[in-house]
Each structure stands twice: as C-alpha cells, then as structure tokens.
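Below you'll find the structure, written out as structure tokens, and then a few comments.
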Amino acid sequence: DLYVIEEQGSFYKNNLACANKVLELLGVNPASEIYALPARQEEINNILLDGAHNVDGANALLCKIKYTTDRTAVIAMMKDKNVDGYMSIIAPYCRKIIATQVNNERSMTCEQLGEIAKKYCRDVECVSDSKKAVELAEKYDNFNLVCGSFYLAREIRNLL
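So the sequence shown is numbered by our numbering: it starts at 2 and just counts up by one.
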C-alpha cells in the first residue's frame, strides 16, 4: 500500500525527488504524486510512529519532536545499528523511555538498549515484550512516540 505524504518533512520528499530523478534519467516515468511508507513519522491516535533506525532518520524525527521533552517513548533497535548515535539525538527529548526488543535475532535486548538510553535520559525502564511495553506506556499521559525500528512498528502498529 502507498500513502500520500502529509507534512512528513523534507527528508522524505528529498529522497523521493532523488528517486524520481534517477527514474527520469533511466527513461522511466517517475511518480506524479508524493508517497510515504507506513511508520515514517506516521501519527496514529496522537502517537508518532517512526521506523527510522539511523542517525539521519533520528535527525529527521528530531525536527518533528524537538519542541518538547515531555514525552514517554517506546524504543527498540537492532544491535547492528548506530544505537548510541541514534539515542544521543532522540533520548534527550524524552522524559521517560521504555526500552524494548522485537522478535528478531538482530534485535538488541531491552537491557542493552536501556543502558545506552540511560546515558541520555534519566528515566528508563526495560520491558522485553514490545506489546507489554506499549501497554505500560499507555499508562502515561505523555506517551506519544514509538521509534527506532520498522520491526517494532510492525509488531505494535495495530495496538495504537
């Protein structure tokens, strides 16, 4: 499924413009509309769902969340990513982080992720089951962010 971008920021529009230019140079008619993937700064019931998992994606997400630090976030990441770099950008904008993990052998454990998150956020809790992590986060009035992994987005998207 393709979704029309609604205010998703220049990061995604720039990527699409680049892809369209490549298609044009190859003689292929590029897309006439701008599209987005699910879990790319997608808002569901006032919760921002973002599967970005690298520093560039974290910086794009920061453009959307930098106006407040009063948030509870559920975060999972893969151990082969620059987790410290990602967390150094996102975690300072969270009052509480619930570190979790996903059902994938590449997933960092919630304890490993939590240790890195604690370098940048004072209130970090570890919940290994991603669905239970979301259930816990929903108890906080300021729960409004799920990020760090498309695997996490897939596991919990329907819970939001």
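For glycine and all other residues, C-beta sits at the position ideal for the given N, C-alpha and C. These figures come from a predicted structure and were not determined experimentally.
Express the C-alpha separation of Asn30 and Val23 in angstroms, rounding to a whole number.
For the purposes of this step, residue 23 is taken as the residue at position 22 of the sequence shown. For the purposes of this step, residue 30 is taken as the residue at position 29 of the sequence shown. Rounded to the nearest angstrom, the two C-alpha atoms are 10 Å apart.
State the DSSP-derived secondary structure class of Met88, mapped to helix, strand or coil.
Translated into the one-based positions of the sequence shown, residue 88 becomes position 87. Correct three-state label for Met88: helix.
Bridge partners for Lys97 per DSSP, in chain order?
Locating residue 97 in the sequence shown gives position 96, counting from the first residue. The partner list for Lys97 (beta bridge, DSSP) reads Thr73 and Asp124.
Does the stretch 119-133 come into contact with the stretch 46-54, if we say contact requires no fewer than three beta-carbon pairs (one atom in each stretch) closer than 8 Å?
The answer is no - the stretch 46-54 does not touch the stretch 119-133, with fewer than three Cβ pairs under 8 Å.
Val56 lies in the alpha helix (DSSP H); which residues open and close that run?
Your numbering for residue 56 matches position 55 in the sequence shown. If you look at Val56, you'll find it in the alpha helix (DSSP H) that goes Val56 to Ile66.
When you compare only the Cα positions, how much space is there between Ile76 and Glu43?
The count along the sequence shown starts at 1 and reaches residue 76 at position 75. The count along the sequence shown starts at 1 and reaches residue 43 at position 42. Cα to Cα, Ile76 sits roughly 15 Å from Glu43.
Is any beta-carbon of chain D found at less than 8 Å from that of Val128?
Looking for chain D here will not work: only one protein chain is present.
To the nearest angstrom, report how far apart Met79 and Val103 are at their CA atoms.
Taking the sequence shown and counting its residues from 1, the one referred to as residue 79 is at position 78. Taking the sequence shown and counting its residues from 1, the one referred to as residue 103 is at position 102. Approximately 9 Å, taken between the alpha carbons.
Does the Cβ-Cβ distance between Asn47 and Lys82 come in under 8 Å?
Here the question's residue 47 lines up with position 46 in the sequence shown. Here the question's residue 82 lines up with position 81 in the sequence shown. Not a contact, by the Cβ cut-off of 8 Å.
Take Ala92 and list the residues in its own chain whose beta-carbon comes closer than 7 Å to its own, dropping the five residues that flank it on each side.
Numbered from 1 along the sequence shown, position 91 holds the residue referred to as residue 92. Ile98, Ala118, Tyr121 and Cys122, listed in sequence order.
Own chain partners of Asn60 with C-beta closer than 7 Å, once the 5 adjacent residues on each side are dropped:
Numbered from 1 along the sequence shown, position 59 holds the residue referred to as residue 60. Exclusion of the five residues before and after Asn60 leaves Ile90 as the residues of its chain whose Cβ lies within less than 7 Å of its Cβ.
The beta strand (DSSP E) that contains Val147, what's its start and end?
One-based indexing of the sequence shown puts residue 147 at position 146. For Val147, the enclosing beta strand (DSSP E) starts and ends at Phe144 to Cys148.
Can you give me the C-alpha to C-alpha distance between Glu7 and Pro39, rounded to a whole angstrom?
Indexing the sequence shown from 1 puts residue 7 at position 6. Indexing the sequence shown from 1 puts residue 39 at position 38. Because Glu7 sits at a pLDDT of 46, beneath the cut-off of 50, its placement in the model cannot be relied upon, and the point is left open.
Ile45 vs Leu161 beta-carbon contact at 8 Å:
Numbered from its first residue, the sequence shown carries residue 45 at position 44. Numbered from its first residue, the sequence shown carries residue 161 at position 160. Cβ atoms of Ile45 and Leu161: closer than 8 Å.
Return helix, strand or coil for Ser170, following the three-state DSSP convention.
Nothing in the structure corresponds to residue 170, since the chain is present only between 2 and 161.
Give me the DSSP bridge partner(s) of Leu50.
As a working mapping, residue 50 is identified with position 49 in the sequence shown. Answer by DSSP bridge pairing, in chain order: Glu43 and Val147.
Own chain, CB closer than 7 Å to Ser150, minus 5 neighbours either side, in chain order:
Here the question's residue 150 lines up with position 149 in the sequence shown. The residues are Gly52, His54, Ala77, Met78, Met79 and Val103.
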